[in-house]
Amino acid sequence: LMKCSGIEKRAAMTCADAHVCPPACTCTDTTVDCRDRGLTHIPANLPSSTTELYVFSCFSCVLDPCDQDEFKNAQREVRLEQNQITYVPPKAFQNLRQLKRLDLSKNSIVEVAPRAFQGLQSLNSLVLYGNNLTELPAEAFDGLGSLQLLLLNANQLHCIRRGTFDPLTDLNLLSLYDNRIKSISNETFHRLQKLQTLHLAKNPLICDCNLEWLAELQEARNIETSGARCEAPKRVSRKRFAALAPGKFRCKGMRLEWL
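Residue 1 is where the sequence shown starts when you use the UniProt record's numbering, and the numbers rise one by one after that.
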């Protein structure tokens, strides 16, 4: 049984306290701005009118499902970039059901747990660029059926598991720019019927028969691939992905088997 410390203390908060701006932050209208204030934790007891929370440069901040009351009133946007967060636990934001945009960019995130964003049923933008992710669990994005924009650029992703993006049926822009991706399973985007833009540039793509399906998908649906280029094999090296006909994606050996 998980017990969240501090709940009793928060429950005793008076109505007057509900409108007090957290120390070291600036509150204007519906925004709580705690950028570059040298914080050591995410501020607690936000004003009840809060729809936007900004916390930057919090060098020992962690995301804990037990602390969700600290920003549960933020209904439009939560920006937690540049805070050296390393881990996003399961259901880290499950009470923020009305949240539209979540920005976790430029942290030091190395792991996103399965169902980390479950409960964010209204979220339409998730920003995770500039972290240290090397892979994602298949259930990383469960519960994000309203998501339209997902930025995973400037990480170190080298493998995308089957089913990772399946819950994102409303997604129209996915950025995988500047990662270490060489190939992608042919079922990776099959449920993303609204996908219009797929940023794949600055990846060491091996443009052989294992990516023929992606060339066919890009051609059939006119998906923008943002200048992606092939690194190998040599006969297509440095050529633009979108300029190659699907028949150019050939293999000498066996096709890859994906887990």
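The beta-carbon is built from N, C-alpha and C at its ideal position, and this holds for glycine as well.
Residue 28 and residue 196 have their alpha carbons spaced roughly 37 Å apart. Look at residue 35 here: in three-state DSSP terms it is strand.
Classified as buried, residue 78 has 16 or more neighbouring CB atoms from the shown chains inside 10 Å of its CB. With 16 or more neighbouring CB atoms inside 10 Å of its own CB, residue 50 falls in the buried class. Only residues of its own chain outside the window of five on either side were considered, and among them 32, 34, 43, 44, 45, 46 have a CB closer than 8 Å to the CB of residue 22, listed in chain order.
Secondary structure of residue 240 (DSSP, three-state): strand. Following the DSSP letters along the chain, one finds residue 232 inside the beta strand (DSSP E) bounded by residues 230 to 232. Going by DSSP, residue 46 is part of no beta strand (DSSP E) at all; its letter is neither H nor E.
Excluding five sequence positions before and after residue 226, the CB atoms of its chain that fall closer than 6 Å to its own CB belong to 199, 201, given in chain order. In the three-state reduction of the DSSP assignment, residue 149 falls in the strand class, which pools E and B. As a beta-bridge residue in DSSP terms, residue 87 pairs with 111. In terms of Cα proximity to residue 115, the closest of 133, 95, 141 is 141. Under the DSSP definition of a beta bridge, residue 78 partners with 53, 102. The continuous stretches of alpha helix (DSSP H) do not include residue 126, which lies in the beta strand (DSSP E) extending over residues 125 to 127.
Distance from the CA of residue 120 to the CA of residue 58, rounded to the nearest whole angstrom, comes to 23 Å. The beta-carbon distance between residue 191 and residue 166, rounded to whole angstroms, is 5 Å. This is short enough to meet the 8 Å contact definition. When the beta-carbon positions are compared, residue 149 and residue 125 come within less than 8 Å of each other.
Between residue 131 and residue 160, the gap from beta carbon to beta carbon reaches 8 Å or more. Between residue 217 and residue 184, the C-beta gap is not smaller than 8 Å, which leaves the two residues out of contact. Residue pairing by DSSP puts residue 28 in a beta bridge opposite 31.
Its chain contains 156, 157, 158 as the residues whose beta carbon lies nearer than 7 Å to that of residue 134, once the 5 sequence neighbours on both sides are disregarded; these appear in chain order.
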